[in-house]
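Q: Questions regarding the structure given below will be posed in turn.
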Amino acid sequence: MIISLKDGLKLFGIIIVAFCAVFVCTFFLNFYMDAVEIKDTVTEAQQPLYDAQLATARFTSAISGGFLGLIAIVMVVFYIKLYVDGHMRQLGILKAMGWSNQKIAFRFWVFGLSIFIGTALGFGAGHIAMPFIYEGLTIDTLDIDIHFHAILLIMLVFVPTIIYSLFACGYAYFALRRPVNDMLKGRVEKKLKRRKEKPAKDSKERSFLVETCFKTLGSKKLLAFFVAFACFCFSAMVQMGASMKQLSTETMGLMILVIGIVLAVTTMFMAVTSLVKNNVKTVSMMKVFGYSMKECALSVFGGYVPFAFLGFVVGTGYQYGLLSLMVNIVYKDVAAVPDYNFNVPVFFITLACFIVLYTAVMAVYAFKLNKVSVKEVMLEN
Amino acid sequence: MIKAENIIKTYNGGAVEVLKGVSLDIKEGEKIVILGASGSGKSTLLSVLSGLERVDGGKVFYDDKDLSTMTEKELTEFRRNTVGFIFQQYYLLPHLNVENNVKMGADLIGNKDFREIIKAVGLENKLKNKPAELSGGEQQRVCIARALAKNPKILFLDEPTGALDEKTGREVLDYIIKSQGERGFTMVMVTHNLNIAETADTVIKMNSGVITEVYHNASPKTAFEIGW
Numbered sequence: 011m012i013i014s015l016k017d018g019l020k021l022f023g024i025i026i027v028a029f030c031a032v033f034v035c036t037f038f039l040n041f042y043m044d045a046v047e048i049k050d051t052v053t054e055a056q057q058p059l060y061d062a063q064l065a066t067a068r069f070t071s072a073i074s075g076g077f078l079g080l081i082a083i084v085m086v087v088f089y090i091k092l093y094v095d096g097h098m099r100q101l102g103i104l105k106a107m108g109w110s111n112q113k114i115a116f117r118f119w120v121f122g123l124s125i126f127i128g129t130a131l132g133f134g135a136g137h138i139a140m141p142f143i144y145e146g147l148t149i150d151t152l153d154i155d156i157h158f159h160a161i162l163l164i165m166l167v168f169v170p171t172i173i174y175s176l177f178a179c180g181y182a183y184f185a186l187r188r189p190v191n192d193m194l195k196g197r198v199e200k201k202l203k204r205r206k207e208k209p210a211k212d213s214k215e216r217s218f219l220v221e222t223c224f225k226t227l228g229s230k231k232l233l234a235f236f237v238a239f240a241c242f243c244f245s246a247m248v249q250m251g252a253s254m255k256q257l258s259t260e261t262m263g264l265m266i267l268v269i270g271i272v273l274a275v276t277t278m279f280m281a282v283t284s285l286v287k288n289n290v291k292t293v294s295m296m297k298v299f300g301y302s303m304k305e306c307a308l309s310v311f312g313g314y315v316p317f318a319f320l321g322f323v324v325g326t327g328y329q330y331g332l333l334s335l336m337v338n339i340v341y342k343d344v345a346a347v348p349d350y351n352f353n354v355p356v357f358f359i360t361l362a363c364f365i366v367l368y369t370a371v372m373a374v375y376a377f378k379l380n381k382v383s384v385k386e387v388m389l390e391n
Numbered sequence: 385m386i387k388a389e390n391i392i393k394t395y396n397g398g399a400v401e402v403l404k405g406v407s408l409d410i411k412e413g414e415k416i417v418i419l420g421a422s423g424s425g426k427s428t429l430l431s432v433l434s435g436l437e438r439v440d441g442g443k444v445f446y447d448d449k450d451l452s453t454m455t456e457k458e459l460t461e462f463r464r465n466t467v468g469f470i471f472q473q474y475y476l477l478p479h480l481n482v483e484n485n486v487k488m489g490a491d492l493i494g495n496k497d498f499r500e501i502i503k504a505v506g507l508e509n510k511l512k513n514k515p516a517e518l519s520g521g522e523q524q525r526v527c528i529a530r531a532l533a534k535n536p537k538i539l540f541l542d543e544p545t546g547a548l549d550e551k552t553g554r555e556v557l558d559y560i561i562k563s564q565g566e567r568g569f570t571m572v573m574v575t576h577n578l579n580i581a582e583t584a585d586t587v588i589k590m591n592s593g594v595i596t597e598v599y600h601n602a603s604p605k606t607a608f609e610i611g612w
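As given, the protein sequences belong to chains A and B, one line each in that order.
When you read off a place in the first sequence, starting at 1, and then add 10, the result is the number in the numbering used here.
When you read off a place in the second sequence, starting at 1, and then add 384, the result is the number in the numbering used here.
Rendered as structure tokens:
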């Protein structure tokens, strides 16, 4: 079998994103369904809070589930592309031997396995966390019992697994539609259909390092998205988690904080690992020529720094906008909801942590790049 | 210029001994060919002499500086300021065009005239082409330009014509030899091709990790005078 079950299980990024998406959706949707069942028992005094809670559950599950679901799709695309690019010759040999695109693409169903694991774990964890979440959402004012809803299990675990498996096969089918000869030679067809290089707008010529920086970024644009997303998650969820202490319960704040950090770390790990893997040959050749480690790291990671800060800024805006919306619109008729203002100290603390952590991650990976053995790279060929 | 004293290089934690006490002396401006069959240790010797790999025993000196005791930073400086490389597999950066691949070498010494070198290797019309759009011979010429653009004191070549046909191989070799004559750098070339050895001043024959013979050519031949 060309793609083993192991390949499907290796996709930690997708497992964790699917886990987070379903974890959040499980308790919010379960809460929504349980809350709908007690609709007739809600008193007039409880009505504003009840309506606000229903809106929160709908809104949060739609935003988190939808957003993280999209991220999971992007990740599936990324991993399949990475797999096809990394196994171009092997897949080309199969095609040369007479395997059809459909037959090879069908094997990519295993990529949906990671979705199953992530969603199943998320569903289970969501149920374990549910009592704490109900407590945080009702704040002792509404009496809502926890029930199991089989439809949620189907819609949040089985349906996504099937959809993602089909999507993986479909995308793989399109990714495999290249001439066999190009695949055997490891050529990327679209790059041969050359766009004419635009003349430089200014007379200033880019140095080799700057050029490499731009080209690295240009050749893996999706990684810029993942870097920005990781920083977005860190910024938004850490600041939101800290603000939750005053707006909801500490448990809720801690949960958001943990989800944010887990998502940020996973996505950043995936992005930077791919980046290092893709640039091993470039870095080893630069080392051969006498470029220092700092220069090598700059050429590989340098282009992604603006995206990291962009992600941080967007994350800050997102959490502020979301919390303002919740407090000032959704909960506006509910008594005892505290005012919410932008938390400046939390922003600066998060920014400082972000800079320290980002620099540390880059330093660790620069160290990894430094360990690249020139001899090993040469022996590969 | 380069002196190796009883160097030993092993792999797999010492299980495989590739260089078994090699000693040699290379003088400035010399054209050296290290000749040997596959597995004789010639490429490993090249890696060790050029500071790409560290020895497990013995010493390698460059102008009295011991490479084996240099820190990683010092070795990087040594490669940056002193050596150039040309490999059989080219190792061009696939996402960069010809111009930027050559700039990789040129920028290290602030060489602004690198386009002259590209012109000299006959690729002035392919400045914006990526390596995948070039023939083997053209790619190797980019490698030559890249190596020469950093104006090395020693040029290390690992089977530079190994992947080329006879005609292209001769042209590439001819350009390398001519450049050596014009610029005067020291040249250390590894090959298994006995004919190519006739272009060298000194030939070092290797077998199973030891030097078996060293001889000098009184009148080295050109790339077009040798057999192939």
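Ideal Cβ positions, reconstructed from N, Cα and C, are used throughout, including at glycine.
Just so it is clear, the structure is predicted and the values come from calculations on it, not from any experiment.
(1) DSSP three-state call for A:K304: helix, strand or coil?
(2) What three-state label does DSSP hand A:V293 in the structure shown?
(3) So what does B:K449 bridge to, in DSSP terms?
(4) Let me confirm a value: B:M573 is counted as buried when at least 16 other C-beta atoms fall within 10 Å, else exposed. Which label applies?
(5) Strictly below 8 Å CB to CB, what residues from chain A border B:D491?
(6) Counting along the chain, where does the beta strand (DSSP E) carrying B:T596 start and finish?
(7) Could you check whether B:V587 and B:V406 sit closer than 8 Å to each other, using their CB atoms as the reference points?
(8) Strictly by DSSP, which residues pair up with B:A388?
(9) What residue from A:F168, A:L285, A:F279 has the CA that sits closest to A:T226's CA?
(10) In this structure, does DSSP put A:G327 in helix, strand or coil?
(11) Listing by chain order, which chain B residues have their CB less than 9 Å from the CB of A:K378?
(12) Compare the C-beta of B:M454 against all C-beta atoms of chain A and say whether one is closer than 8 Å.
(13) Any idea if B:N481 is buried or exposed, counting beta-carbon neighbours within 10 angstroms, 16 or more meaning buried?
(14) Answer with yes or no whether the minimum CB distance from B:Y475 to chain A is below 8 Å.
(15) With DSSP run on the structure shown, which of helix, strand or coil describes B:D491?
(16) For B:T545, which of helix, strand or coil comes out of DSSP?
(17) Could you check where the beta strand (DSSP E) with B:T586 kicks off and where it finishes?
(18) Could you list which residues in chain A have their beta carbon closer than 7 Å to that of B:H479, in chain order?
(19) Provide the residue span of the alpha helix (DSSP H) that contains B:T606, from first to last.
(20) In this structure, does DSSP put B:M337 in helix, strand or coil?
(21) May I ask you to report which of helix, strand or coil DSSP gives A:I161?
(22) Examine chain B for any beta-carbon lying closer than 8 Å to the beta-carbon of A:M193, and answer yes or no.
(23) Roughly how many whole angstroms lie between the Cα atoms of B:V540 and B:I416?
(24) Report yes or no: is there a C-beta of chain B within less than 8 Å of the C-beta of A:T222?
(25) Could you check what DSSP says for A:V52 in three-state terms: helix, strand or coil?
(26) Counting pairs of Cβ atoms below 8 Å between the region 264-277 of chain A and the region 238-248 of chain A, do you hit three or more?
(27) Between B:G565 and A:L233, what straight-line distance do the alpha-carbon atoms span, to the nearest angstrom?
(28) Within 8 Å, do at least three Cβ pairs link the region 591-606 of chain B to the region 498-517 of chain B?
(29) Which residues in chain A have a C-beta closer than 7 Å to the C-beta of B:K510? List them in chain order.
(30) On the DSSP letters alone, give me the boundaries of the alpha helix (DSSP H) that B:K426 sits inside.
(31) Measure from the alpha carbon of A:D155 to the alpha carbon of each residue in A:Y144, A:V290, A:A67, A:P189, then state which is nearest.
(32) Just verifying my parser: in three-state terms, what is the DSSP assignment at A:M107?
(33) State yes or no: is the C-beta of B:M385 within less than 8 Å of the C-beta of B:T570?
(34) Does B:E543 pass the burial test, meaning 16 or more other C-beta atoms within 10 Å, or should it be called exposed?
(35) Would you mind reading off the limits of the alpha helix (DSSP H) that contains A:K378?
(36) Compare the Cα-Cα distances from A:C35 to each of A:G312, A:H137, A:F377 and report the closest residue.
A: Looking at the atomic coordinates:
(1) Position 294 of the first sequence, counted from the first residue, corresponds to residue 304 of chain A. For A:K304, the secondary structure class from DSSP, reduced to helix, strand or coil, is helix.
(2) Here residue 293 of chain A refers to the residue found at position 283 when the first sequence is read from its first residue. DSSP places A:V293 in helix when its eight states are reduced to three.
(3) By one-based count along the second sequence, residue 449 of chain B stands at place 65. Checking the DSSP bridge columns, you'll see B:K449 partnered with B:Y446.
(4) As a working note, residue 573 of chain B is residue 189 in the second sequence. Its Cβ being crowded by 16 or more others within 10 Å, B:M573 is buried.
(5) The count along the second sequence starts at 1 and reaches residue 491 of chain B at position 107. Chain A residues near B:D491: S217, F218, L219.
(6) Start at 1 with the first residue of the second sequence, and residue 596 of chain B comes out as number 212. For B:T596, the uninterrupted beta strand (DSSP E) segment begins and ends at 594-600.
(7) Taking the second sequence and counting its residues from 1, the one referred to as residue 406 of chain B is at position 22. Taking the second sequence and counting its residues from 1, the one referred to as residue 587 of chain B is at position 203. No, the pair does not count as a contact, with Cβ atoms beyond the cut-off.
(8) Here residue 388 of chain B refers to the residue found at position 4 of the second sequence. The partner list for B:A388 (beta bridge, DSSP) reads B:L408, B:V444.
(9) The residue labelled residue 226 of chain A in the question sits at position 216 within the first sequence. Each of A:F168, A:L285, A:F279 was checked against the Cα of A:T226, and the nearest Cα belongs to A:L285.
(10) Looking up residue 327 of chain A in the first sequence gives position 317. In the three-state reduction of the DSSP assignment, A:G327 falls in the helix class.
(11) As a working note, residue 378 of chain A is residue 368 in the first sequence. In chain order: nothing, as chain B lies at least about 15 Å away.
(12) Counting from 1 along the second sequence, the entry for residue 454 of chain B is found at position 70. Chain A has no Cβ within less than 8 Å of the Cβ of B:M454.
(13) By one-based count along the second sequence, residue 481 of chain B stands at place 97. Counting Cβ neighbours within 10 Å, B:N481 comes out buried, since at least 16 surround it.
(14) Locating residue 475 of chain B in the second sequence gives position 91, where the first residue counts as 1. Flagged as an interface residue toward chain A: B:Y475, by a C-beta distance shorter than 8 Å.
(15) One-based indexing of the second sequence puts residue 491 of chain B at position 107. B:D491 sits in a helix when the DSSP states are folded into three classes.
(16) Taking the first residue of the second sequence as position 1, residue 545 of chain B is located at position 161. Three-state DSSP puts B:T545 in coil, outside helix and strand.
(17) Taking the second sequence and counting its residues from 1, the one referred to as residue 586 of chain B is at position 202. Per DSSP, B:T586 belongs to the beta strand (DSSP E) from 586-591.
(18) Here the question's residue 479 of chain B lines up with position 95 in the second sequence. Chain A residues near B:H479: K225, S229.
(19) Indexing the second sequence from 1 puts residue 606 of chain B at position 222. Annotation for B:T606: no alpha helix (DSSP H) segment contains it, and DSSP assigns it neither H nor E.
(20) Residue 337 of chain B cannot be examined here, being either before or after the span of chain B that is shown, 385 to 612.
(21) What you label residue 161 of chain A is simply residue 151 of the first sequence in a count that begins at 1. Residue state, collapsed to three classes: helix.
(22) Within the first sequence, residue 193 of chain A is the residue found at index 183, counting from 1. For A:M193, the answer is no, since every Cβ of chain B falls outside 8 Å of its Cβ.
(23) Along the second sequence, read from residue 1 onward, the residue named residue 540 of chain B stands at position 156. Along the second sequence, read from residue 1 onward, the residue named residue 416 of chain B stands at position 32. Here residue 540 of chain B is Phe; the residue named in the question, Val, does not match the sequence. Answer to the nearest angstrom: the Cα atoms are 10 Å apart.
(24) Locating residue 222 of chain A in the first sequence gives position 212, where the first residue counts as 1. Yes - at least one Cβ of chain B is within 8 Å of the one on A:T222.
(25) Within the first sequence, numbered from 1, the residue matching residue 52 of chain A stands at position 42. Residue state, collapsed to three classes: coil.
(26) Result yes; three or more Cβ-Cβ pairs closer than 8 Å.
(27) Within the second sequence, residue 565 of chain B is the residue found at index 181, counting from 1. Within the first sequence, residue 233 of chain A is the residue found at index 223, counting from 1. Their Cα atoms are separated by approximately 47 Å.
(28) Short answer: they don't touch.
(29) Here residue 510 of chain B refers to the residue found at position 126 when the second sequence is read from its first residue. The premise fails here: B:K510 is roughly 12 Å from chain A at the closest Cβ pair, so nothing lies under 7 Å.
(30) If you number the second sequence from 1, residue 426 of chain B lands on position 42. 426-433 is the span of the alpha helix (DSSP H), which, as asked, contains B:K426.
(31) As a first step, residue 155 of chain A must be located in the first sequence, where it is residue number 145. The option with the nearest alpha carbon to A:D155 is A:Y144.
(32) Here residue 107 of chain A refers to the residue found at position 97 of the first sequence. A:M107 falls in the coil class under three-state DSSP.
(33) Locating residue 385 of chain B in the second sequence gives position 1, counting from the first residue. Locating residue 570 of chain B in the second sequence gives position 186, counting from the first residue. Yes, Cβ-Cβ distance for B:M385 and B:T570 is below 8 Å.
(34) In the second sequence, residue 543 of chain B corresponds to position 159, counting from 1. By the neighbour-count rule (16 or more Cβ atoms within 10 Å), B:E543 is buried.
(35) Mapped onto the first sequence, residue 378 of chain A falls at position 368. Run containing A:K378: 354-380, per the alpha helix (DSSP H) assignment.
(36) Here residue 35 of chain A is taken as the residue at index 25 of the first sequence, counted from 1. Distance check between A:C35 and each of A:G312, A:H137, A:F377 places A:H137 closest, using alpha-carbon atoms only.
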